[in-house]
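Throughout the sequence shown, residue numbering follows my numbering, covering 1078 to 1194 in sequence.
All C-beta atoms, glycine included, are put in the ideal place defined by N, C-alpha and C.
Given the structure is predicted, the values throughout are model-derived calculations rather than measurements.
Working notes, structure below.
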Amino acid sequence: MRDLVHAHSQIGRPLDPVSSFRVCAEEAGFTEISERMFEFPLGKWPEDQHDKEIGDLMASSFKKGLHGLTAKAFRDILGRSKEEVEVFNAFVRRELDNNSNMATLRVVVFTAQKPEH
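So, in structure tokens, the structure goes:
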């Protein structure tokens, strides 16, 4: 994760732009801006069956999107080879399957109203 954050900071595009969403919405004229943060499990580690299913779906989705998240940043910005990226991604997928990690993913949902003009 550290390398991914570093790669995005190199090109001036933060990996986690959430902190600027509220300001951008306000500057665009939106009102009634609210944000809610959710934390989802990544993997089947939760004891609760419902949370276990959510964690399985979130981990599956994360693993499927991992290549898109890392390929360009690692190859074009950090200069890693295609093989190095694949080895890294395989490691991340294995770690997500290791339920002792108890990994989570934070998701922030913003809602706002566009004023009537």
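- The stretch 1135-1142 and the stretch 1171-1184 touch, with three or more beta-carbon pairs separated by less than 8 Å.
- With contacts defined as CB atoms closer than 8 Å, D1080 and L1155 qualify as a contacting pair.
- In this structure, V1185 sits near V1095, with a CB-CB distance shorter than 8 Å.
- Within the DSSP secondary-structure output, V1186 pairs in a beta bridge with R1113.
- Annotated as distal: F1151 and V1169, with beta-carbon spacing of 8 Å or more.
- The shortest C-alpha to C-alpha distance from L1182 to any of E1116, E1112, E1103, G1106 is the one to E1116.
- Proximity to Q1087 across G1120, L1119, S1158, K1149 peaks at K1149, based on C-alpha coordinates.
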